[in-house]
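Per my numbering, the very first residue in the sequence shown carries number 1356; after that it's consecutive. One structure below.
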Amino acid sequence: MAEDLRTERKGLILAVKDLPTLPKVLDEVARLVERSDSSTEEVAKLISMDQVLSAKVLKMVNSPIYGFPGRISSIQHALVLLGFNVLRGIIVSTSVFEIMSENMVGLWEHSLGVALASSTVARAAGLRDPEEYSVAGLLHDLGKVVATVQLPELKGEIEQAVKTKDLMYIEAEKEVLGFGHDRINAWLADHWKLPPNIKEGLSYHHKPHLAQLYPDMACAVHIGDFMARVFEYGFGGDDNATYLRPEALKRLKLKPADVERILDHLCEQFLEIADLSFS
């Protein structure tokens, strides 16, 4: 595929201002967070001014995904417990979920499943801040949504390649677009100024052995994606189970018995997040 065509498509994908998804409050909050003299109270107050967004965020942070079910009563409380990185990721994801629902049926549920599995893996591996792993899991397929919205004429080609050639979605993307959603994720992470550890999880969840800066994040999301697919929770665009890279398990020091234990735990947890929609 000609390099100029790839560049043109990257430009179209990054014209994300066309996506009516990221609330203006997110930019204002980001500016406030960058100031050294701002308080969590000020940031929380700003988010709380958008009542619909606040309701979505509180519903999400009280889900089993974040480990504080039913205990977080306010945006400020959420900020103190989870930190701005997690809240920012939740705002991005809850803002694009409607587009997910409309354009790729089952992708929101799959993303929730990967968020839950990624944080569960992080906890089992004794990693710090497991909530940030859940955010990377939640956003890991963001590139699929943005490509579908920005290049709608190519969505059918990708889906056709998945069906007729029995490809994984990412393989079909590479064949049709010249790059996969993991590459798009890296562009979006830069564009939306997502934290570098979350960017690494989004960019390397299909190839965690190549992650350089935050390999734990990439490995946890990789394993989380595998587990959500094993349970067929939601729909990631194809019916294939991903190849579980042994390097990811080795990096997180997880043995087969640990994986079985995590899968048993997730079996119950998946039922609890089944109604986590925002309609």
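The beta-carbon is built from N, C-alpha and C at its ideal position, and this holds for glycine as well.
task = Would you grab the beta carbon distance between A1516 and V1531 for me? Rounded to a whole angstrom, and I think it's under 8 Å.
result = 6 Å
query = Around the Cβ of D1570, are there at least 16 other Cβ atoms within 10 angstroms (buried) or fewer (exposed)?
reply = The sequence as given places Pro at residue 1570; Asp does not occur at that position. Label assigned to P1570: buried.
query = Taking buried to mean at least 16 other C-beta atoms within 10 Å of its own C-beta, is S1634 buried or exposed?
reply = Unreliable positioning characterises S1634 in this predicted model, as indicated by a pLDDT of 49, which lies under 50. The coordinate reading is nonetheless provided below. Classification for S1634: exposed.
Alpha carbon of I1368 to alpha carbon of K1605, nearest angstrom = Take the alpha-carbon of I1368 and the one of K1605: they are about 35 Å apart.
message = Alpha carbons only, please: which of D1593, K1548, L1543 and L1482 is nearest the one belonging to K1518?
response = D1593
request  = Look up N1595 in the DSSP assignment and say whether it is helix, strand or coil.
outcome  = Per DSSP, reduced to three states, the secondary structure at N1595 is coil, with no helix or strand assignment.
D1359 - DSSP class collapsed to helix/strand/coil = Note: D1359 maps to helix in three-state DSSP.
As assigned by DSSP and simplified to three states, the class of Q1431 = helix
query = DSSP on T1376, reduced to helix/strand/coil?
reply = Because the pLDDT at T1376 is just 48, under 50, the model does not fix this residue reliably, and the point stays unresolved.
task = Just tell me which of L1482, N1595 and L1387 has its CA closest to the CA of L1607.
result = Measuring C-alpha to C-alpha distances from L1607 to each of L1482, N1595 and L1387 identifies L1482 as the nearest.
request  = Ignore the nearest five residues each way along the sequence and tell me which others in L1565's own chain have a CB closer than 7 Å to its CB.
outcome  = Y1559
request  = Determine, using beta carbons only, whether W1547 and V1447 come nearer to each other than 8 Å.
outcome  = yes
query = First and last residue of the alpha helix (DSSP H) that includes L1631?
reply = Element bounds for L1631: n/a, residue is neither H nor E.
ask   = If we count the other Cβ atoms within 10 Å of its Cβ and call it buried at 16 or more, is E1363 buried or exposed?
value = It counts as exposed.
key: contact_flag[the segment 1616-1623, the segment 1439-1458] where n(CB pairs < 8 Å) is 3 or more   = no
request  = Please say whether G1444 and L1493 have beta carbons closer to each other than 8 Å?
outcome  = yes
ask   = Thinking C-alpha only, which one of G1589, P1601 and I1628 is nearest E1464?
value = G1589
message = Considering only their Cβ atoms, is the gap separating N1440 from R1426 smaller than 8 Å?
response = no
ask   = Thinking C-beta only, is I1628 closer than 8 Å to L1467?
value = Judged by their CB atoms, L1467 and I1628 are nearer to each other than the 8 Å cut-off.
query = What number of angstroms, rounded off, separates the C-alpha of A1544 from the C-alpha of A1612?
reply = 34 Å
ask   = Just the Cα atoms here: how many angstroms apart are A1583 and A1573?
value = 15 Å
task = Determine the DSSP secondary structure at K1414, reduced to helix, strand or coil.
result = Helix, per DSSP.
Spatially closest choice to M1459 from E1514, E1555 and K1554, by CA coordinates = Per the C-alpha coordinates, the member of E1514, E1555 and K1554 positioned closest to M1459 is E1514.
query = Are the CB atoms of G1533 and H1495 nearer to each other than 8 Å?
reply = Not in contact: G1533 and H1495 (Cβ atoms no closer than 8 Å).
message = My assumption, with CB atoms under 8 Å, is that F1581 sits in contact with A1596. Please give the rounded CB distance.
response = Contact check for F1581 and A1596: beta-carbon distance about 7 Å, within the 8 Å limit, so the pair qualifies.
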